[in-house]
Amino acid sequence: MPGALPLLGHAPALIRDPFGFLLSLRDHADDRGLVRIQLGWMPVYVVTTHERLHDLLVGQGRRVEKGRFFQRLKRLAGEGLSTADGELHRRNRRLIQPMFSKERIAGYSEIMSRNARILAGSWRPGQRVDIYEEAAGYSIDSIAMSLFSSDIGTPAVETIRTELPVLLDMLLKRAASPKFLDRLPVRYNRLFDRASHQLSSVIDQVIGTARAGGHADEHDDLLAQLLREKDLEDTQVRDEVATLLFAGAETTASTLAWAWHYLAHHPEVDQQVVDEVRQVAGDRPVTIADVPQLTTLRRVLDEVIRLHGVTFLMRRTIEPITLGDTTLPAGAEVAFSMYAIHRDPAVFGSDAHAFNPDRWLDHPDIKRSFMPFGGGNRKCIGDQFALAEATIAVAEVLRSWRMEPLPGHTPQQVISAVARPDRVPMTVQPREPGPTAGSH
Ligand code: HEM
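In the UniProt record's numbering, the protein residues as written are 1 to 440.
Below you can see the structure in the form of structure tokens.
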């Protein structure tokens, strides 16, 4: 791959124009879809096709570990699910998986549905809102209240609401930069350290109060389920709680905000979604049972996650692995970008960068090339949680409100765990009742 600088390699290009850089890699890949770049002194193989990504995550999943990139996240997420490796990951994934079963998600969905109605009820006609901030508030509340359903969580939810966005904004930059930069006495390091300290201590406090008050015997939220696991010590419970907050808040908030953005710019799709919601749910609250029936909305969400998904992840090989017919040695660093792979014109067509939810109807085979939640043993544990949360919120809000984008403003993508929008200012206007409103 051309453009490497001495010592820094391609890191400056990645930091200067991350999306352009990630998209450009496919043009330099060999015919198996692999390209070698240089991050600082470290050679990194980048996987640029969905076939090789499948080989890496599903075929070779047990021969790779999370590696350097995720080690940098341990300061915040400790040995939680997304950062742990090997036996520890296997054991904890087995313990935590049942907490995301269909039945459990049905329980959490009642919180989502209530929060979505609170959000929809909080606006005045003609009010200007930043829909990304609104979506972030909704998704932090939904994951935090699924974790701590009772009053013990109230101070924690407040702290999480203020401190989590500070951490999320800096997380990827820190993970991609050399460790010594973390210790420089500059403002953003101080902010990060303060936020990280406050968040850990508030989670510790909640765990302490929960243990003392017999929370696990009286409640059935995620925290209670974690506390009931005899094999998890309190520090591990804290790591899992922090992990679920990091992994679950921004990803869904971004999906929601982009969905509302695109719907506001595509009135015909917006109308189809509203008609569908009215037909399926009438005027009653939208529930988990409605989610599988809201198929137009699902295509909208798939399209948003395709366009603005997870930006950059890495693995390290534990032993030699084969991707296609290329063998990589043990200890090799491998990177991939769902964002770039899901915009490949060879798979998604010449309009790969455009919002077109009908592509999922017209070309159902593209589903095979779509891995927004990863795959294999490290597949997202919250995929169904996220889809329920986003579907319920879009449906509930859109049924009552029409969004008018601020004229002349185009949201910009910000590089984070996902390609989130910077600001999405909207004016909200009440939607006229539809012909099926009131009927069940
Ligand atoms: C649209 C929303 C979301 C997207 C696109 C997404 C995407 C992903 C991806 C791609 C991975 C795999 C990372 C890797 O291979 O290194 C992952 C892992 C994970 N996600 Fe999500 N995620 C979303 C929402 C959520 C939610 C809502 C939660 C929690 C409630 C969550 C919790 C996790 C956890 C704990 C892991 C680590 C799993 C493991 O390694 O065993 N995610 N997510």
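Ideal Cβ placement from N, Cα and C applies to all residues, glycine included.
Buried or exposed (CB count within 10 angstroms, at least 16 for buried), residue i
i	result
residue 115	buried
residue 41	exposed
residue 121	exposed
residue 126	exposed
residue 377	exposed
residue 180	exposed
residue 303	buried
residue 351	exposed
residue 412	exposed
residue 158	exposed
residue 461	Here the chain has residues from 1 to 440 only, and residue 461 is not among them.
residue 13	buried
residue 268	exposed
residue 261	buried
residue 186	exposed
residue 407	exposed
residue 88	exposed
Contact test: residue i Cβ vs the ligand HEM heavy atom, cutoff 7 Å
i	result
residue 93	yes
residue 148	no
residue 378	yes
residue 372	yes
residue 195	no
residue 64	no
residue 89	yes
residue 410	no
residue 247	yes
residue 82	yes
residue 42	no
residue 137	no
residue 241	no
residue 309	yes
residue 19	no
residue 321	no
residue 386	yes
residue 305	yes
residue 143	yes
residue 381	yes
residue 338	yes
residue 57	yes
residue 129	no
residue 313	yes
residue 391	no
residue 414	no
residue 244	yes
residue 317	no
residue 418	yes
residue 255	yes
Sequence-distant residues of the same chain with beta carbon closer than 7 Å to residue i, five excluded per side
i	result
residue 28	1 and 35
residue 379	373
residue 402	429 and 431
residue 347	50, 366 and 369
residue 155	202
residue 272	296
residue 165	136
residue 337	22, 311 and 312
residue 197	none
Sheet register partners of residue i (DSSP bridge)
i	result
residue 401	430
residue 310	418
residue 45	36 and 334
residue 323	326
residue 454	Not covered by the structure: residue 454. The range shown for the chain is 1 to 440.
residue 129	426
residue 413	421
residue 316	65 and 333
Chain-order list of residues whose beta-carbon lies under 8 Å from that of residue i (same chain, five-residue window excluded)
i	result
residue 318	63, 64, 65 and 330
residue 235	78
residue 132	253, 254, 257, 411, 420, 421, 422, 423 and 424
residue 205	155 and 156
Chain-order list of residues whose beta-carbon lies under 6 Å from that of residue i (same chain, five-residue window excluded)
i	result
residue 256	135, 390 and 393
residue 75	none
residue 91	none
residue 444	Absent from the model: residue 444. The displayed extent of the chain is 1 to 440, so no value can be given.
residue 112	142, 389 and 392
residue 26	48
residue 315	64, 67 and 334
residue 146	108, 111 and 222
C-beta neighbour in chain D for residue i, strict 8 Å
i	result
residue 218	The structure shown contains no chain D; it holds only a single protein chain.
Q: Say whether the segment 356-371 touches the segment 274-283, bearing in mind that this needs 3 or more beta-carbon pairs closer than 8 Å, one atom from each stretch.
A: As far as the Cβ criterion goes, the segment 356-371 does not touch the segment 274-283, which means the pair count is below three.
Q) Is there contact between the segment 247-266 and the segment 132-151, where contact requires at least three CB pairs shorter than 8 Å? A) Yes: the two stretches touch, three or more of their Cβ pairs being nearer than 8 Å.
Q. Three or more C-beta pairs closer than 8 Å, one from the segment 90-106 and one from the segment 201-216: is that the case here?
A. By the criterion of at least three beta-carbon pairs nearer than 8 Å, the segment 90-106 is not in contact with the segment 201-216.
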